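Data block below; observations after.
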Amino acid sequence: MDIGSAIRDSIDYTKESVWQQWKRWILLTIMSIIFPLMMGYTLEIYRGKTPPPEVENFGKLFVNGLKYLVAICVYFIPVLIVTVVSFMAIGMSIFSKIAAGGEFHFNLHDLAPYIFPIIGSSLLIFILGIITVLISSIGIIRMARTESFMEAFNFSAILQTIREIGWGSYLLASVVLWVISFVVGIFFNLVTEIPYLGFIIMFFVSVVFTIFEARYLALVYESGNQ
190 MDIGSAIRDS IDYTKESVWQ QWKRWILLTI MSIIFPLMMG YTLEIYRGKT PPPEVENFGK
250 LFVNGLKYLV AICVYFIPVL IVTVVSFMAI GMSIFSKIAA GGEFHFNLHD LAPYIFPIIG
310 SSLLIFILGI ITVLISSIGI IRMARTESFM EAFNFSAILQ TIREIGWGSY LLASVVLWVI
370 SFVVGIFFNL VTEIPYLGFI IMFFVSVVFT IFEARYLALV YESGNQ
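To convert, count from 1 in the sequence shown and add 189; that's the numbering used here.
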């Protein structure tokens, strides 16, 4: 997969979507506030539509966006369960010590016995989160292209698609996107510091990045068919 080409294509696609398309840009910004609508539009991009899809059929966009939201929530249930169970176990251990008459203070000395469990739990949650993102990204695009909610969880087909892309290529493409997302996140933090206008600017720019990200992931998905 040519990541540089995918980035350039995604930039051009994004420019075509919003540059001198003020009506569409404003509509998409409003839709990003009513987020199921924007999620529904993202699915249209995942379908590989070119040129960029028009903003229409709001009912369909909203319903598809809800499907997207539900699918993501289902995917992250295991991450949530592991997080709750891990830190609940640590918390119960601390409270049992207090209940037994011991003292506990949030300092290095008292936290020392729990440092490795905390680090281990955090690492497990992080790895599980990464795996979930990698699998769910392909699953959601598959759902969009087949127009079937259950295909978001067709793990044999999802893993086959990743193998066709190449695990190494897919991981590298994902890392590149995460780095770009991190840089954009820093920019968002700086923008929100602008009084009054900061959040308005952020919503407009977030639409730009959402389109870029969706197009980029669609190209990553399609690279498995090349």
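Heads up, the beta-carbon is just placed ideally off N, CA and C, and yes, glycines get one too.
Fair warning: this is a prediction, and the values are worked out from it, not measured in the lab.
Along the chain, where does the alpha helix (DSSP H) containing residue 349 start, and where does it finish?
Under the DSSP assignment, residue 349 falls in the alpha helix (DSSP H) whose first and last residues are 344-354.
For the alpha helix (DSSP H) containing residue 190, list its first residue and its last residue.
Premise fails: residue 190 is in no alpha helix (DSSP H) and is neither H nor E.
Residue 253: first and last residue of the uninterrupted alpha helix (DSSP H) it sits in:
Unbroken alpha helix (DSSP H) run through residue 253: 247-264.
How many whole angstroms separate the CB atoms of residue 217 and residue 230, which I take to be in contact at a CB cut-off of 8 Å?
About 7 Å separates the two Cβ atoms, so the contact holds.
Can you tell me which of the three DSSP states residue 236 falls into?
DSSP, reduced to helix, strand and coil, places residue 236 outside both helices and strands of the structure shown, so it counts as coil.
Quick one: any contact between the region 194-203 and the region 370-386, if contact means 3 or more CB pairs under 8 Å?
Put simply, the region 194-203 does not touch the region 370-386. Fewer than three CB pairs are less than 8 Å apart.
Using 8 Å as the cut-off, can you tell me whether the region 237-254 makes contact with the region 344-358, which would need three or more C-beta pairs spanning the two stretches below that distance?
Judged by Cβ distances under 8 Å, the region 237-254 makes no contact with the region 344-358, as fewer than three pairs qualify.
Roughly how many angstroms separate the alpha carbons of residue 410 and residue 382, rounded to a whole number?
Their backbone Cα atoms lie some 36 Å apart in a straight line.
Taking the alpha-carbon of residue 322 as reference, which of 393, 239, 385, 263 has the nearest alpha-carbon?
Ranking the options by Cα distance to residue 322, first place goes to 263.
Among 319, 219, 342, 398, which one has its Cα closest to the Cα of residue 204?
Taking only the C-alpha atoms, the option nearest residue 204 is 398.
Supposed contact pair residue 273 and residue 318 - C-beta distance, whole angstroms, cut 8 Å:
Between residue 318 and residue 273, the beta carbon gap of about 14 Å keeps them out of contact (Cβ cut-off 8 Å).
Is DSSP giving residue 206 helix, strand or coil here?
Helix, per DSSP.
Taking C-beta to C-beta, are residue 341 and residue 260 nearer than 8 Å?
Yes, the pair counts as a contact, with Cβ atoms nearer than the cut-off.
Whole-Å CB distance - residue 405 paired with residue 196, under 8 Å assumed:
About 7 Å separates the Cβ atoms of residue 405 and residue 196, confirming a contact at the 8 Å cut-off.
In whole angstroms, what is the alpha-carbon distance linking residue 367 and residue 307?
Cα-Cα distance, rounded: 25 Å.
Closest Cα partner of residue 311 within the set 244, 277, 282, 339
Shortest Cα-Cα distance from residue 311 to any of 244, 277, 282, 339 involves 277.
Local conformation of residue 411 per DSSP, three classes:
Look at residue 411 here: in three-state DSSP terms it is helix.
Continuous alpha helix (DSSP H) stretch holding residue 220: start and end
211-222 is the extent of the alpha helix (DSSP H) around residue 220.
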